[in-house]
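In the working numbering, the protein residues as written are 62 to 257. Glycine included, each C-beta is placed from N, C-alpha and C at the ideal position. Written below as structure tokens is the structure these notes are about.
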């Protein structure tokens, strides 16, 4: 029994399809298995997929599990074909594959539930005001302040990185502090007016 548009059958012939790697990796198995396995596959893939679908409730999971079952059967076709009921062997393997996938998904879900969400606190009001104040400064003053206070670099190191004399760095720091203090005062005054 086959379903209309059954993508499982073409997967055996398509080397890029899921599960087809087993076929490509075992060319001698493909030759010796010949028509025997192809006929077996064509006759039973649809009904086995429907059976595993009834167990899993998920069509794509059922297709994957059955495809894996057939791939394992092909790898051992000389042994599997000797069984009294090779379909039962493929069904059992496919069912176990589906159960293993379900257990892995359940374990991952349970693990996800036990994990605490790590939240980071938002920036403080002072931090927001500082960033806003820095944005209003000229680039060279902002750069000097950030390197000195946030990167904790010395005046000499800043001077060598920027390619300017140490006196220029000191002047930029002084002007930047004055401008930033004025900017922060404006922000504080605006907040005070909003509260009143």
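- A direct Cα-Cα distance of roughly 60 Å separates residue 100 from residue 181.
- Counting along the chain, residue 193 sits inside the alpha helix (DSSP H) bounded by residues 186-196.
- With a threshold of 16 other beta carbon atoms within 10 Å, residue 192 falls short and is exposed.
- Counting the other CB atoms within 10 Å of its CB gives residue 202 a total of 16 or more, which places it among the buried residues.
- For the pair residue 124 and residue 187, the Cα-to-Cα distance works out to about 58 Å.
- When only Cα atoms are considered, residue 166 and residue 148 end up about 27 Å apart.
- Excluding the 5 residues flanking it on each side, residue 238 has same chain C-beta neighbours closer than 8 Å at 206, in chain order.
- Distance from the CA of residue 171 to the CA of residue 154, rounded to the nearest whole angstrom, comes to 25 Å.
- Setting aside the 5 residues that flank it on each side, residue 179 has no residue in the same chain whose C-beta is closer than 8 Å to its C-beta.
- In this chain, the alpha helix (DSSP H) harbouring residue 172 covers 147-175.
- The Cβ atoms of residue 231 and residue 216 lie closer than 9 Å to each other.
- Ranking 140, 146, 160 by CA distance to the CA of residue 119 puts 160 first.
- Taking a C-beta distance under 9 Å as the contact criterion, residue 138 and residue 98 qualify as a contact pair.
- Annotation for residue 240: 198 place their beta carbon closer than 6 Å to its own, counting only its chain and skipping 5 residues before and after.
- Minimum Cα-Cα distance from residue 126 among the listed residues 158, 222, 175, 220 corresponds to 158.
- For residue 201, the enclosing alpha helix (DSSP H) starts and ends at 200-206.
- Residue 141 counts as buried, since at least 16 other C-beta atoms from the protein chains shown sit within 10 angstroms of its C-beta.
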